[in-house]
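Student: Just dropping this structure here.
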Amino acid sequence: MATLNLDELKSLLEVTNSKLRDLEKLDLNVDMTRGKPSFEQIRLSRDILTNIDEEVFDRNPNIFNYGIGDGIEEAKQLFASMLEVRSDEIYVGGNSSLNLMYDTMLKAMYFGMVDSNRPWMKEDTVKFICPVPGYDRHFAICESLGIEMITVDMTPNGPDMDAVEALVKEDASIKGIWCVPKYSNPDGAIYSKETIERLASMETAAKDFKIFYDNAYAVHFLDGEFIEQESMLEACKNAGNPNRVIIFASTSKITFPGAGVGVISANRESLDYMEKLIAAQSISQDKVNQLRHVLFLKDFDTLLEHMKKQAAILKPKFDIVLDSLKSTVADERIATWSNPRGGYFISVDTYPGCAKKIEEECARLGLKITKAGSTYPYYDNPKDNNLRIAPSFLGRSDLVQAMDVFTTVLQKIAIEEMLK
Ligand code: PLP
Numbered sequence: 073m074a075t076l077n078l079d080e081l082k083s084l085l086e087v088t089n090s091k092l093r094d095l096e097k098l099d100l101n102v103d104m105t106r107g108k109p110s111f112e113q114i115r116l117s118r119d120i121l122t123n124i125d126e127e128v129f130d131r132n133p134n135i136f137n138y139g140i141g142d143g144i145e146e147a148k149q150l151f152a153s154m155l156e157v158r159s160d161e162i163y164v165g166g167n168s169s170l171n172l173m174y175d176t177m178l179k180a181m182y183f184g185m186v187d188s189n190r191p192w193m194k195e196d197t198v199k200f201i202c203p204v205p206g207y208d209r210h211f212a213i214c215e216s217l218g219i220e221m222i223t224v225d226m227t228p229n230g231p232d233m234d235a236v237e238a239l240v241k242e243d244a245s246i247k248g249i250w251c252v253p254k255y256s257n258p259d260g261a262i263y264s265k266e267t268i269e270r271l272a273s274m275e276t277a278a279k280d281f282k283i284f285y286d287n288a289y290a291v292h293f294l295d296g297e298f299i300e301q302e303s304m305l306e307a308c309k310n311a312g313n314p315n316r317v318i319i320f321a322s323t324s325k326i327t328f329p330g331a332g333v334g335v336i337s338a339n340r341e342s343l344d345y346m347e348k349l350i351a352a353q354s355i356s357q358d359k360v361n362q363l364r365h366v367l368f369l370k371d372f373d374t375l376l377e378h379m380k381k382q383a384a385i386l387k388p389k390f391d392i393v394l395d396s397l398k399s400t401v402a403d404e405r406i407a408t409w410s411n412p413r414g415g416y417f418i419s420v421d422t423y424p425g426c427a428k429k430i431e432e433e434c435a436r437l438g439l440k441i442t443k444a445g446s447t448y449p450y451y452d453n454p455k456d457n458n459l460r461i462a463p464s465f466l467g468r469s470d471l472v473q474a475m476d477v478f479t480t481v482l483q484k485i486a487i488e489e490m491l492k
């Protein structure tokens, strides 16, 4: 991409301003804030609603009663294949993985983890490493429990491991790190084998250090190809730190968001510890929904076929966003963006100091985008240069218009800032 000179920038600003005047007339009212699946995607799973009949009911009486608190065996097998772990290393929970993450963090604070000397809340300070840009709801969990967040930069291969290793080696109050290992939210990064092995084996001052490994997008490819990834649980076992990782996942973006099935996977010793604590809070999760999901998704191959249908709907939307950025942004300083192979987001790095203004100007034109700063803890991005685009929910024509507004505003604000 080119670097424009001063005169070129000024004339581009004029063209951009005149395009904006036209876009103002659109009277747009579009919400692109969250990565929600579209109705078309949700419809792919509608057989879940009708796949339990009397025969299924009669064959599985125990599933419709209290008990089997750690989840039905068939669901454990399905999720084990998805997460590349053993089925006895799976706990099947309720409708949301985020809920399991919050619950696990709260348990760590109140009781400690399997290898803690005392509850984390008894420590003077508890800190977590947050790779940035990252997922706002991870940050919200830390913030709500008073856990201090330390940022490290993301790279296309995962967090900057030199920075992570230096931090955790020295500071015993750092109890863990958030990770989204595949098609990371928001930049689509895929953790490399080296990153996974370094996380598993690094020396940590806290002996109960935990990797909160949110594998929310394990099978969410856009290009039709499932990517195998080094198993974090195996890597931790091989490094002699079997209890270091707690893996989370759900079917929220496989079947129904908020009405899917959430899971935890960890070393058996960790799971025993957590399941003992869970026993005091729950007699049974929603096993009927677990059964519905097993009957629908069947096995790993059928699950992948289903994800190909999801990708066929999602990929053209990502292409609209990427084509729009490519065809509008005329100078490499104005913005750079991720080109993800999966997941739900495109991360846009703007010219420094522009993200908030872009968000505000888009809102003025009727386009709501994810709040600037939300990809950073405390909404505090010192460079004010990152925005998250979530293309999944909108229909084609809304998305084209939304991107027209977004890219034009992005260009206008950046050039104005550059000309200051
Ligand atoms: N984790 C990540 C990284 C996400 O992006 C999302 C949803 O956007 C979730 C978790 C939410 O998962 P659940 O619906 O299972 O609570």
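Numbering-wise (my numbering), the sequence shown opens with residue 73 and increments by one. Ideal Cβ positions, reconstructed from N, Cα and C, are used throughout, including at glycine. All of these numbers come straight from a predicted model, not from anything done at the bench.
Give the single residue among 294, 447, 256 whose Cα lies nearest to the Cα of residue 413.
Tutor: Start at 1 with the first residue of the sequence shown, and residue 413 comes out as number 341. The shortest C-alpha separation from residue 413 is found at 294.
Student: Using the Cα positions of residue 420 and residue 382, report the straight-line distance between them to the nearest angstrom.
Tutor: To locate residue 420, count along the sequence shown from 1; it is residue 348. To locate residue 382, count along the sequence shown from 1; it is residue 310. Approximately 23 Å between the Cα atoms of the pair.
Student: Roughly how many angstroms separate the alpha carbons of residue 164 and residue 155, rounded to a whole number?
Tutor: Residue 164 sits at position 92 when you count from the first residue of the sequence shown. Residue 155 sits at position 83 when you count from the first residue of the sequence shown. Cα to Cα, residue 164 sits roughly 13 Å from residue 155.
Student: Going straight from the alpha carbon of residue 112 to that of residue 385, what length do you get?
Tutor: Translated into the one-based positions of the sequence shown, residue 112 becomes position 40. Translated into the one-based positions of the sequence shown, residue 385 becomes position 313. Cα to Cα, the separation comes out at about 8 Å.
Student: Could you check whether the Cβ of residue 209 sits closer than 8 Å to any heavy atom belonging to the ligand PLP?
Tutor: Within the sequence shown, residue 209 is the residue found at index 137, counting from 1. Yes, the beta carbon of residue 209 sits closer than 8 Å to at least one heavy atom of the ligand PLP.
Student: Closer than 8 Å: is that where the CB of residue 412 sits relative to any heavy atom of the ligand PLP?
Tutor: Taking the first residue of the sequence shown as position 1, residue 412 is located at position 340. Because no heavy atom of the ligand PLP lies under 8 Å away, the Cβ of residue 412 does not count as near it: no.
Student: Can you pull the DSSP bridge partners for residue 233?
Tutor: Position 161 of the sequence shown holds residue 233. None; residue 233 has no bridge partner.
Student: For the alpha helix (DSSP H) holding residue 462, just list the boundary residues, first then last.
Tutor: For the purposes of this step, residue 462 is taken as residue 390 along the sequence shown, with counting starting at 1. Looking at the DSSP string, residue 462 is not in any alpha helix (DSSP H), and its letter there is neither H nor E.
Student: For the ligand PLP, is there a heavy atom less than 8 Å away from the beta-carbon of residue 324?
Tutor: Taking the sequence shown and counting its residues from 1, the one referred to as residue 324 is at position 252. Yes - the ligand PLP has a heavy atom lying nearer than 8 Å to the Cβ of residue 324.
Student: When the Cα of residue 312 is compared with those of 367, 270, 160, 470, which residue comes out closest?
Tutor: In the sequence shown, the residue the question calls residue 312 occupies position 240. Among 367, 270, 160, 470, the Cα nearest to that of residue 312 is on 270.
Student: Would you say residue 210 and residue 284 are within 9 Å of each other, going by their C-beta atoms?
Tutor: Residue mapping note: residue 210 aligns to position 138 of the sequence shown, counting from 1. Residue mapping note: residue 284 aligns to position 212 of the sequence shown, counting from 1. Yes. Within cutoff.
Student: Figure out for me which residue from 326, 310, 361 has the closest Cα to the Cα of residue 339.
Tutor: Counted from its first residue, the sequence shown places residue 339 at position 267. Nearest C-alpha to residue 339: 310.
Student: Kindly give me the distance between the Cβ atoms of residue 459 and residue 422, rounded to whole angstroms, as I take these residues to be in contact under 8 Å.
Tutor: If you number the sequence shown from 1, residue 459 lands on position 387. If you number the sequence shown from 1, residue 422 lands on position 350. Contact between residue 459 and residue 422 holds: their C-beta atoms lie close to 6 Å from each other, under 8 Å.
Student: Quick one, which of 217, 359, 326, 273 has its alpha-carbon nearest residue 292's?
Tutor: Within the sequence shown, the letter at position 220 stands for residue 292. Comparing Cα-Cα distances from residue 292 to each of 217, 359, 326, 273, the minimum goes to 326.
Student: Quick one: give me the first and last residue of the beta strand (DSSP E) that residue 203 is part of.
Tutor: Translated into positions along the sequence shown, residue 203 becomes position 131. Taken as a continuous stretch (DSSP letters only), the beta strand (DSSP E) holding residue 203 covers 199-204.
Student: Enumerate in chain order the residues of its own chain whose CB-to-CB distance from residue 214 is below 6 Å, with the five nearest sequence positions on each side excluded.
Tutor: By 1-based counting over the sequence shown, the position of residue 214 is 142. Scanning its chain for C-beta atoms nearer than 6 Å, with the 5 sequence neighbours on each side dropped, one finds around residue 214 the residues 200, 221, in chain order.
Student: With distances taken Cα to Cα, identify the nearest neighbour of residue 377 among 217, 296, 91.
Tutor: In the sequence shown, the residue the question calls residue 377 occupies position 305. Minimum Cα-Cα distance from residue 377 among the listed residues 217, 296, 91 corresponds to 296.
Student: Within the segment 306-354, note down every full beta strand (DSSP E) run reaching 3 residues or more, in order along the chain.
Tutor: If one requires a minimum length of 3 residues, the beta strand (DSSP E) runs lying completely within the segment 306-354 are 317-322, 334-338, in chain order.
Student: Whole angstroms are fine: how far does the CA of residue 83 sit from the CA of residue 488?
Tutor: Taking the sequence shown and counting its residues from 1, the one referred to as residue 488 is at position 416. Taking the sequence shown and counting its residues from 1, the one referred to as residue 83 is at position 11. Near 12 Å, if we compare the C-alpha coordinates of residue 83 and residue 488.
Student: Any heavy atom of the ligand SAH closer than 8 Å to the Cβ of residue 425?
Tutor: In the structure shown, the ligand SAH is absent; the only ligands present are the ligand PLP.
Student: Note down, one range per segment and in chain order, each beta strand (DSSP E) of at least 3 residues found wholly within the segment 130-183.
Tutor: 162-164
Student: Tell me residue 407's beta-bridge partners as DSSP assigns them.
Tutor: Along the sequence shown, read from residue 1 onward, the residue named residue 407 stands at position 335. The partner list for residue 407 (beta bridge, DSSP) reads 422.
Student: Would the beta-carbon of residue 147 be found less than 8 Å away from any heavy atom of the ligand PLP?
Tutor: The residue labelled residue 147 in the question sits at position 75 within the sequence shown. No, the ligand PLP has no heavy atom inside 8 Å of this Cβ.
Student: Please tell me whether, using a cut-off of 8 Å, the distance from the CB of residue 141 to the nearest non-hydrogen atom of the ligand PLP is below it.
Tutor: Residue 141 sits at position 69 when you count from the first residue of the sequence shown. It does not: the Cβ of residue 141 is nowhere closer than 8 Å to a heavy atom of the ligand PLP.
Student: Give me the DSSP bridge partner(s) of residue 285.
Tutor: Numbered from 1 along the sequence shown, position 213 holds the residue referred to as residue 285. In DSSP, residue 285 forms a bridge with 251, 319.
Student: Roughly how many whole angstroms lie between the Cα atoms of residue 252 and residue 287?
Tutor: The residue given as residue 252 occupies position 180 in the sequence shown. The residue given as residue 287 occupies position 215 in the sequence shown. C-alpha separation (whole angstroms): 6 Å.
Student: Starting from residue 379, trace the alpha helix (DSSP H) in both directions and tell me its first and last residue.
Tutor: Working through the sequence shown from its first residue, we reach residue 379 at position 307. Per DSSP, residue 379 belongs to the alpha helix (DSSP H) from 372-400.
Student: Between which two residues does the beta strand (DSSP E) harbouring residue 430 extend?
Tutor: Reading the sequence shown from its first residue, position 358 is the one you call residue 430. First-last for residue 430: 427-436, but that is the alpha helix (DSSP H), not the beta strand (DSSP E).
Student: Can you pull the DSSP bridge partners for residue 221?
Tutor: For the purposes of this step, residue 221 is taken as the residue at position 149 of the sequence shown. Its beta-bridge partners are 200.
Student: So, helix, strand or coil for residue 443, using DSSP?
Tutor: Counting from 1 along the sequence shown, the entry for residue 443 is found at position 371. Here residue 443 sits in coil by DSSP.
Student: Is the segment 442-461 touching the segment 91-101, taking contact as three or more C-beta pairs under 8 Å?
Tutor: no
Student: Using the C-alpha atoms, what's the distance from residue 446 back to residue 504?
Tutor: Since the first residue shown for the chain is 73 and the last is 492, residue 504 is missing from the structure and cannot be characterised.
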